[in-house]
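Trainee: Pasting a structure here, questions to come.
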Amino acid sequence: MLYIFDLGNVIVDIDFNRVLGVWSNLGRVPLANLQSRFHIGEAFEYHERGEISDEEFAARLCAELDVALSYPQFEAGWQAIFVGVRHETLAIMQQLRQQGERVVILSNTNKLHTQFWPSQYPEVQQSADHIYLSQELGMRKPEARIYQHVLAQEGFSAEQAVFFDDNQDNINAAKALGITSVWVEDSRTVPGWFAR
Numbered sequence: 302m303l304y305i306f307d308l309g310n311v312i313v314d315i316d317f318n319r320v321l322g323v324w325s326n327l328g329r330v331p332l333a334n335l336q337s338r339f340h341i342g343e344a345f346e347y348h349e350r351g352e353i354s355d356e357e358f359a360a361r362l363c364a365e366l367d368v369a370l371s372y373p374q375f376e377a378g379w380q381a382i383f384v385g386v387r388h389e390t391l392a393i394m395q396q397l398r399q400q401g402e403r404v405v406i407l408s409n410t411n412k413l414h415t416q417f418w419p420s421q422y423p424e425v426q427q428s429a430d431h432i433y434l435s436q437e438l439g440m441r442k443p444e445a446r447i448y449q450h451v452l453a454q455e456g457f458s459a460e461q462a463v464f465f466d467d468n469q470d471n472i473n474a475a476k477a478l479g480i481t482s483v484w485v486e487d488s489r490t491v492p493g494w495f496a497r
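Using this note's numbering, the letters of the sequence shown correspond one by one to residues 302 to 497.
Here you go:
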C-alpha cells in the first residue's frame, strides 16, 4: 500500500495564530484586526505553486493584512507557525515502512517554510520514503493532477493508496479519484484509524 500523509496538522502541528501574533507585535497592529483580514487566498496559491517569490508573497500578504513589516520581520512571524511534531504519527509512519509499506508526504508548502522545518524536525524526513512539495511540483492540493502525479511517480493505483489530510477540500478531491481518504481532525485521528 501507499500511505500519503499531509504535513501541517497531520505530522507537524501548525498554528496561524502564532504567526499573526508575531506580526501583531512587530507591526503594532491589534491581533483581532489581522485575524479578521487573514485568509488563504490567491497569493497563497501562487506561492505554494512556486509561481511568486517569497518576497512578492510577503509584500502581497502585508498589503492584504494592512500591516507594515520588513521582510525579516515577515519571515520571523512566518516561521512561528510550527508548534511541534506528532510523535505518535511519526512512529506509525516508521512502523509502516518497517513492514514494507510505501510512505510519502504530500504538502502544500513554500520555499520559506522548507528552509526551516527540515532542520527543526529531521525526524520527519527520516520517517518518509519521499516528500512531495507543492512549490517544487508547480501544483497544489486539491488539484487532481497533484494526486495523479504522486500515484504515477510511486507506481500505485488510487485503490492502493490511503491519504491523510486536515483539509476537507483536499480529502474530497482525493476521494473523487478513488483514494481512501481520512480527514485528520486532531492528533488522535491517525493513531485511532490504525488502531481500528
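Note that the Cβ used here is the ideal one computed from N, Cα and C, for glycine as well.
Do residue 339 and residue 317 count as a contact pair if the criterion is CB distance below 8 Å?
Mentor: yes
Trainee: To the nearest angstrom, how far is the alpha carbon of residue 386 from that of residue 330?
Mentor: 30 Å
Trainee: Take residue 352 as the anchor and find which of 497, 484, 410, 425 has the nearest alpha-carbon.
Mentor: 410
Trainee: Between which two residues does the alpha helix (DSSP H) holding residue 483 run?
Mentor: In the DSSP annotation of this structure, residue 483 is not part of any alpha helix (DSSP H); the continuous beta strand (DSSP E) holding it starts and ends at 481-484.
Trainee: Which residue spans inside the stretch 390-447 form an unbroken beta strand (DSSP E) run of at least 3?
Mentor: 403-408, 431-434
Trainee: Report the three-state DSSP secondary structure of residue 495 (helix, strand or coil).
Mentor: helix
Trainee: Judging by CA-CA distance, which residue of 302, 305, 304, 315 is the nearest neighbour of residue 422?
Mentor: 315
Trainee: With burial defined as no fewer than 16 other Cβ atoms inside 10 Å of the residue's Cβ, what is the status of residue 372: buried or exposed?
Mentor: exposed
Trainee: If you follow the beta strand (DSSP E) that residue 303 is in, where does it begin and where does it stop?
Mentor: 303-306
Trainee: Just to check my reading of the structure: residue 272 and residue 413 have Cβ atoms closer than 8 Å, yes? What is that Cβ distance to the nearest angstrom?
Mentor: What is shown of the chain runs 302 to 497, which leaves residue 272 out entirely.
Trainee: What span of residues does the alpha helix (DSSP H) with residue 323 cover, start to end?
Mentor: Residue range 317-328 is occupied by the alpha helix (DSSP H) that includes residue 323.
Trainee: Assuming residue 463 and residue 483 form a contact by the criterion Cβ under 8 Å, report the distance between their Cβ atoms to the nearest whole angstrom.
Mentor: 7 Å
Trainee: How would you write the range of the beta strand (DSSP E) that residue 456 sits in, first residue to last?
Mentor: Per DSSP, residue 456 belongs to no beta strand (DSSP E) and is neither H nor E.
Trainee: Let me confirm a value: residue 431 is counted as buried when at least 16 other C-beta atoms fall within 10 Å, else exposed. Which label applies?
Mentor: exposed
Trainee: Reducing DSSP to helix, strand and coil, say where residue 309 ends up.
Mentor: strand
Trainee: Taking DSSP's pairing of strands, which residues face residue 367 in a bridge?
Mentor: Residue 367 is not bridged to any residue.
Trainee: Which partner residues of residue 383 appear in the DSSP bridge assignment?
Mentor: 315
Trainee: Going by beta-carbon coordinates alone, are residue 403 and residue 349 separated by less than 8 Å?
Mentor: no
Trainee: Take residue 398 as the anchor and find which of 497, 494, 496, 303 has the nearest alpha-carbon.
Mentor: 303
Trainee: Give me whichever residues DSSP pairs with residue 466 in a beta bridge.
Mentor: 484
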